[in-house]
Amino acid sequence: MICINNPYTDPYFNIAAEKYLLRHSSADVFMMWQNEPSVIIGKHQNVQTEVNLDFADQHRIKIGRRISGGGAVYNDLGNVNLTFIESNKKPDFNKYPQLIIDFLATIGVHAQPDKRLGLTINGLKISGSAQYIYKDRTLFHASLLFSTDLFVLEKVLDSPETDPRIYLRSVKSPVTNISEHLSVSMKTEQFKQLIMKHFSGENYLLNNQDITEIERLKMNNNDNIRY
Numbered sequence: 001m002i003c004i005n006n007p008y009t010d011p012y013f014n015i016a017a018e019k020y021l022l023r024h025s026s027a028d029v030f031m032m033w034q035n036e037p038s039v040i041i042g043k044h045q046n047v048q049t050e051v052n053l054d055f056a057d058q059h060r061i062k063i064g065r066r067i068s069g070g071g072a073v074y075n076d077l078g079n080v081n082l083t084f085i086e087s088n089k090k091p092d093f094n095k096y097p098q099l100i101i102d103f104l105a106t107i108g109v110h111a112q113p114d115k116r117l118g119l120t121i122n123g124l125k126i127s128g129s130a131q132y133i134y135k136d137r138t139l140f141h142a143s144l145l146f147s148t149d150l151f152v153l154e155k156v157l158d159s160p161e162t163d164p165r166i167y168l169r170s171v172k173s174p175v176t177n178i179s180e181h182l183s184v185s186m187k188t189e190q191f192k193q194l195i196m197k198h199f200s201g202e203n204y205l206l207n208n209q210d211i212t213e214i215e216r217l218k219m220n221n222n223d224n225i226r227y
């Protein structure tokens, strides 16, 4: 498994990076990454009914659409995203939440899975996830709320719009930050270091060719909804 500590925080680049690694890497991949303030909606969602667009405009929050299904998530630099990509003809997506639960246990946080492959602490959500299959390659990605601005999260995901047509609507859940459940205070950077140490493998840096191809995918992506 190659392990990528992705330093880029442009959500459109990171959406494209996942697509690139899924389609063009033959290795199993673990990638940790973060986005600057943004809302990422699922493949089958309607942005008008998922995002408070006025609030997003006022706070310069980017909006993008990922290749996987599931609901809308808010990202900022207090949020850490994890991506697992593997070659697997019989995928078992239940194993990935358990991998994250096992990591959280090492820092004294006891999380539980929910029926949508998310994670909770005492009934409060700390992680949502989504999945995608491309040929014999599987992608599972999860967001971890570590020290996210929960006020902004609530406001930007509270759309006043409705639509009678059928779209996949996000399931609203009360949320909490992982940092609130630590016995010892920790910064986001420390949390990220512990993640990379736990999910050890062959460290890999995106090279110039990778970045060129990812940028090409980014520019050709019609799902970059607004800058």
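Be aware that the sequence shown starts at 1, since it is given in UniProt numbering, and climbs by one per residue. Ideal Cβ positions, reconstructed from N, Cα and C, are used throughout, including at glycine. Since the model is a prediction, treat every value here as computed from it, not as a measurement.
Residues Lys155, Val156, Leu157, Asp158, Ser159, Pro160 of the same chain have their beta carbon placed closer than 8 Å to that of Asn52, with the five preceding and five following residues left out of the count. DSSP links Pro113 through a beta bridge to Leu119. Judged by their CB atoms, Ile126 and Leu117 are not nearer to each other than the 7 Å cut-off. Note: Ala130 is bridge-paired with His141 in the DSSP secondary-structure output. If you check the CB distance, Thr148 and Asp76 come in under 7 Å.
DSSP, reduced to helix, strand and coil, places Glu86 within a strand of the structure shown. In this structure, Asn46 and Asn14 do not form a Cβ contact; the two beta carbons are roughly 22 Å apart against a cut-off of 8 Å.
Distance check between Val109 and each of Gln131, Leu150, Ile41, Leu145 places Leu145 closest, using alpha-carbon atoms only. Comparing alpha carbon positions, the residue from Val39, Lys135, Pro174, Val73 closest to Asp57 is Val39. Note on Leu205: under 16 other CB atoms within 10 angstroms of its CB, so exposed under the neighbour-count rule.
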